[in-house]
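Peer 1: Quick one: the structure is below, and I'll ask about it shortly.
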Amino acid sequence: MATRLGLQKWFPDAFKKFGVYTVFDLMIKYIKEGRIKLDKTRHPQLSTYHDPCNYGRKSEMMFGHGYYEEGRWIMDQCTDNWVDAYPNRANQFCCGAGGGAWLTPYNEERVYYGRKKIEQIKATGAKLIVVPCHSCYDQFKKSLRVEYDMQDLEVKYLWAVVADSIVL
Amino acid sequence: MEALDLTNRSRRKLELKPEWANICFACGTCASGCPVTGVDGWDPRKAIRAAVLGLEDELIDARWPWICTMCGRCQYACPQGVEFVSLIRHVRSHRDREKVPGTLHKGVEAALKTGNNFSIPKDDFIFVMEDVAEEFAEEEGFSDFKMPLDKKGANILCTVHGKLPFGATDDMKFWWKIFYAAKEDWTIPSENWEGVNWGLFTGDDEAMKTMVGRIVENMEKLEAKNLLFPE
Ligand code: SF4
Ligand code: SF4
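Given below as structure tokens:
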């Protein structure tokens, strides 16, 4: 998001000259072109998906397109057993570690913030939470899972789910 | 208590744009949907009121603008279209750099100086990447995997999230695996490879611009065709 914003604002020529991909676009391209083949049986457990603020709501507000459906389409290619949390897409709750919060000393507040998201995930009954963002990943895996007594919840990057589904 | 004359305000520190605060009609929709409403007694509506009424130092010095994650949920729901995320980033930019909480500004300084948020020297970076690549090539099916550092004319140039070579090297392999399977022609620059721009969070436009400029430089230098936006 910072990179795209910066390119548009300060390096418009470069932004025009080079092609750009988001992680979603690129994974979707490979899947659609048949360049990677995925096995849906590798993730049999019930999963759910988290919309990161930056790719979703904030992209929508800033660039006119929120990446909501892309991640879901990729989920569909990797598993038949996943459900959305509620609320989702533009109305999702932030994991609590956005905006650099992972790097501030306000840990207690960061964990308190995450309670909303954790309630959502608990309500789905999912055993695996899939995230396409590094901050969310750390917040779920290293913090919320422990603080809210959900040690059994598996946390994976979206690209890890894809990578682990690849049939070579 | 003296009444505030809001039409005759002196020029203030925050130099508010109308869309950041003035157009707010204080309905409270934002505050009702924010997960950290009430922390330290703050919420988005209150923060806006503080900015408008001149309680700027109180807001700038508060912890709350750094506990807010700039998630934009408030802004999305606002019937007036108040750009709250921009306001908060602007408030953060008014903090003395020495008083930016946690490691955020230290990371920005490190990035400006060394090219990455964790001050990993170039030689160490190359060593780690080669080392992890060798390990990866030992996995079944990837025996001819080579680390394409500084490859010219590649189709895709990737940045790296600083925390990965710093302490989560295995997590780099997912994308490598995808690239390998897709037979992609890709590269990672050996200098200024950081993909994470903490200037976005600290309200530091100069730093943010420098970091993005380096990605552009790498694209030019390596004659890469496409940039994969940092994860
Ligand atoms: S929702 Fe918008 S108009 Fe209502 S209080 Fe919040 S910022 Fe002001
Ligand atoms: S950006 Fe998110 S955390 Fe910050 S005030 Fe708005 S809803 Fe709350």
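Each protein sequence line maps, in turn, to chains Y and G. Sequence positions in the first sequence follow the numbering used here and run -13 to 154. Sequence positions in the second sequence follow the numbering used here and run 103 to 333. The C-beta atom is built at its ideal place from N, Cα and C for all residues, glycine as well.
Here's a check: name, in chain order, each residue in its chain whose Cβ is nearer than 6 Å to the Cβ of I150(G), leaving out the five neighbours to either side.
Peer 2: For this step, residue 150(G) is matched to residue 48 along the second sequence. A123, C126.
Peer 1: Excluding the five sequence neighbours on either side, which residues of its own chain have a C-beta within less than 8 Å of the C-beta of V9(Y), listed in chain order?
Peer 2: For the purposes of this step, residue 9(Y) is identified with residue 23 of the first sequence, where counting begins at 1. Within the same chain, V9(Y) has close Cβ partners P118, L144, W145.
Peer 1: Would you call the region 210 to 227 of chain G and the region 177 to 195 of chain G touching, i.e. three or more CB-CB distances under 8 Å?
Peer 2: No, they do not touch.
Peer 1: Considering only DSSP beta bridges, list what Y35(Y) is partnered with.
Peer 2: If you number the first sequence from 1, residue 35(Y) lands on position 49. Paired residue(s): D70(Y), V116(Y).
Peer 1: Should V117(Y) be flagged as near chain G, meaning a C-beta pair shorter than 8 Å?
Peer 2: Taking the first sequence and counting its residues from 1, one reaches residue 117(Y) at position 131. It does not: the Cβ of V117(Y) has no partner Cβ on chain G nearer than 8 Å.
Peer 1: Go through its chain and collect everything with a Cβ distance to A111(Y)'s Cβ below 7 Å, but skip five positions before and after it.
Peer 2: Translated into positions along the first sequence, residue 111(Y) becomes position 125. According to the sequence provided, residue 111(Y) is Gly. The question's Ala does not apply to it. Within the same chain, G111(Y) has close Cβ partners L32.
Peer 1: Alpha carbon to alpha carbon, what distance is there between A105(G) and Y7(Y)?
Peer 2: Working through the first sequence from its first residue, we reach residue 7(Y) at position 21. Working through the second sequence from its first residue, we reach residue 105(G) at position 3. Each residue's alpha carbon lies about 54 Å from the other.
Peer 1: Can you tell me whether C80(Y) is helix, strand or coil according to DSSP?
Peer 2: Counting from one through the first sequence, the residue named residue 80(Y) turns up at place 94. Note: C80(Y) maps to coil in three-state DSSP.
Peer 1: Tell me the rounded alpha-carbon separation between K148(G) and R165(G).
Peer 2: As a working mapping, residue 148(G) is identified with position 46 in the second sequence. As a working mapping, residue 165(G) is identified with position 63 in the second sequence. C-alpha separation (whole angstroms): 14 Å.
Peer 1: Any heavy atom of ligand 2 closer than 7 Å to the beta-carbon of M172(G)?
Peer 2: Here residue 172(G) refers to the residue found at position 70 when the second sequence is read from its first residue. The answer is yes for M172(G).
Peer 1: In chain G, which residues lie with their C-beta within 9 Å of the C-beta of Y7(Y)?
Peer 2: Locating residue 7(Y) in the first sequence gives position 21, counting from the first residue. Here the neighbours are I258, N328, L329, L330, F331.
Peer 1: Quick check: I280(G) and V141(Y), are their CB atoms within less than 8 Å of each other?
Peer 2: Here residue 280(G) refers to the residue found at position 178 of the second sequence. Here residue 141(Y) refers to the residue found at position 155 of the first sequence. Contact flag unset, no.
Peer 1: Can you confirm whether A112(Y), when its beta carbon is compared against all beta carbons of chain G, has any partner nearer than 8 Å?
Peer 2: Along the first sequence, read from residue 1 onward, the residue named residue 112(Y) stands at position 126. No - not a single Cβ of chain G is within 8 Å of the one on A112(Y).
Peer 1: Taking Y16(Y) as the reference, give the member of D287(G), R316(G), G135(G) with the closest Cα.
Peer 2: Looking up residue 16(Y) in the first sequence gives position 30. Per the Cα distances, D287(G).
Peer 1: At a CB-CB cut-off below 8 Å, which residues of chain G make contact with T32(Y)?
Peer 2: In the first sequence, counting from the first residue as 1, residue 32(Y) sits at position 46. The amino acid occupying residue 32(Y) in the given sequence is Leu; Thr does not appear at that position. Result: empty, since nearest Cβ-Cβ is about 22 Å, beyond 8 Å.
Peer 1: For H120(Y), which residues in chain G fall below 8 Å Cβ to Cβ?
Peer 2: The residue labelled residue 120(Y) in the question sits at position 134 within the first sequence. Ordered by position in chain G, the residues that pass the 8 Å Cβ test against H120(Y) are H263, K265, V298, E333.
Peer 1: Count the CB pairs spanning the region 298 to 317 of chain G and the region 244 to 257 of chain G that are closer than 8 Å, and state whether there are at least three.
Peer 2: No, the region 298 to 317 of chain G does not touch the region 244 to 257 of chain G.
Peer 1: Just verifying my parser: in three-state terms, what is the DSSP assignment at K323(G)?
Peer 2: Position 221 of the second sequence, counting from 1, holds the residue named residue 323(G). Correct three-state label for K323(G): helix.
Peer 1: Whose C-beta lies closer than 7 Å to the C-beta of A179(G) among residues of the same chain, with five residues either side of it excluded?
Peer 2: Taking the second sequence and counting its residues from 1, the one referred to as residue 179(G) is at position 77. The residues are T131, C132, G135.
Peer 1: Around ligand 1, what residues have a beta-carbon under 7 Å from a heavy atom of it, in chain order?
Peer 2: Those satisfying the condition are, in chain order, C126(G), F127(G), A128(G), C129(G), G130(G), T131(G), C132(G), A133(G), P146(G), R147(G), I150(G), C176(G), A179(G), C180(G), P181(G), Q182(G), V184(G), F186(G).
Peer 1: Classify K23(Y) as helix, strand or coil using the three-state DSSP reduction.
Peer 2: Numbered from its first residue, the first sequence carries residue 23(Y) at position 37. Looking at K23(Y) - three-state DSSP - the assignment turns out to be strand.
Peer 1: Who are K142(Y)'s beta bridge partners in DSSP?
Peer 2: Your numbering for residue 142(Y) matches position 156 in the first sequence. K142(Y) is bridged to V116(Y).
Peer 1: Roughly how far, in whole angstroms, is the beta-carbon of H263(G) from the beta-carbon of H120(Y), given that I think they are within contact range, below 8 Å?
Peer 2: Residue 263(G) sits at position 161 when you count from the first residue of the second sequence. Residue 120(Y) sits at position 134 when you count from the first residue of the first sequence. Contact holds; Cβ gap of about 5 Å.
Peer 1: Could you tell me which of T171(G), V138(G), G297(G), A326(G) sits nearest to T312(G), measuring between CA atoms?
Peer 2: Position 210 of the second sequence, counted from the first residue, corresponds to residue 312(G). Nearest C-alpha to T312(G): G297(G).
Peer 1: Counting C-beta neighbours from all protein chains within 10 Å, is the total for T27(Y) 16 or more, i.e. buried, or is it exposed?
Peer 2: Taking the first sequence and counting its residues from 1, one reaches residue 27(Y) at position 41. Flag for T27(Y) reads exposed.
Peer 1: So which residues on chain Y does P223(G) lean against when the C-beta distance must stay under 7 Å?
Peer 2: On the second sequence, position 121 is the one that residue 223(G) refers to. Those do not exist, as P223(G) stays about 22 Å from chain Y at its closest Cβ, beyond 7 Å.
Peer 1: With a CB to CB cut of under 7 Å and the five nearest residues on each side skipped, what residues in its chain are close to V210(G)?
Peer 2: The residue you call residue 210(G) lines up with position 108 of the second sequence. Only W300, G301, T304, D306, A309 meet the Cβ criterion.
Peer 1: Please confirm whether any heavy atom of ligand 2 lies closer than 7 Å to the CB of G135(G).
Peer 2: Here the question's residue 135(G) lines up with position 33 in the second sequence. Checking the Cβ of G135(G) against ligand 2 gives yes.
Peer 1: So, with DSSP's three-state summary, where would you put I290(G)?
Peer 2: Locating residue 290(G) in the second sequence gives position 188, counting from the first residue. It is a strand residue.
Peer 1: Please look up how many angstroms separate the CB atoms of L36(Y) and I115(Y), rounded, as I've assumed it's under 8 Å.
Peer 2: The sequence position of residue 36(Y) within the first sequence is 50, counting from 1. The sequence position of residue 115(Y) within the first sequence is 129, counting from 1. Note that residue 36(Y) corresponds to His in the displayed sequence, not to Leu. Yes, they are in contact, since the Cβ atoms of H36(Y) and I115(Y) sit about 6 Å apart, within 8 Å.
Peer 1: Can you grab the Cα-Cα spacing for the pair E241(G) / H196(G), in whole Å?
Peer 2: Along the second sequence, read from residue 1 onward, the residue named residue 241(G) stands at position 139. Along the second sequence, read from residue 1 onward, the residue named residue 196(G) stands at position 94. Each residue's Cα considered, the two are about 50 Å apart.
Peer 1: With a cut-off of 8 Å on the beta carbons, I'd call S292(G) and L251(G) a contact; round off their distance for me.
Peer 2: Along the second sequence, read from residue 1 onward, the residue named residue 292(G) stands at position 190. Along the second sequence, read from residue 1 onward, the residue named residue 251(G) stands at position 149. That pair is a contact at about 5 Å.
Peer 1: Spatial neighbours of I22(Y) within its chain, please: C-beta separation below 7 Å, excluding the five flanking residues on both sides.
Peer 2: The residue labelled residue 22(Y) in the question sits at position 36 within the first sequence. The residues are Y16, I152.
Peer 1: Thinking just about the alpha-carbon of each residue, which of F(-3)(Y), D62(Y), A87(Y), D70(Y) is nearest to the one in C173(G)?
Peer 2: Your numbering for residue 173(G) matches position 71 in the second sequence. When only C-alpha atoms are compared, the closest one is A87(Y).
Peer 1: How many angstroms separate the CA atom of N320(G) from the CA atom of P73(Y)?
Peer 2: Translated into the one-based positions of the second sequence, residue 320(G) becomes position 218. Translated into the one-based positions of the first sequence, residue 73(Y) becomes position 87. The alpha-carbon atoms of N320(G) and P73(Y) are separated by roughly 40 Å.
Peer 1: Roughly how far, in whole angstroms, is the beta-carbon of I317(G) from the beta-carbon of Y92(Y), given that I think they are within contact range, below 8 Å?
Peer 2: Sequence index remark: in the second sequence, residue 317(G) carries index 215 (1-based). Sequence index remark: in the first sequence, residue 92(Y) carries index 106 (1-based). About 30 Å; that fails the 8 Å criterion.
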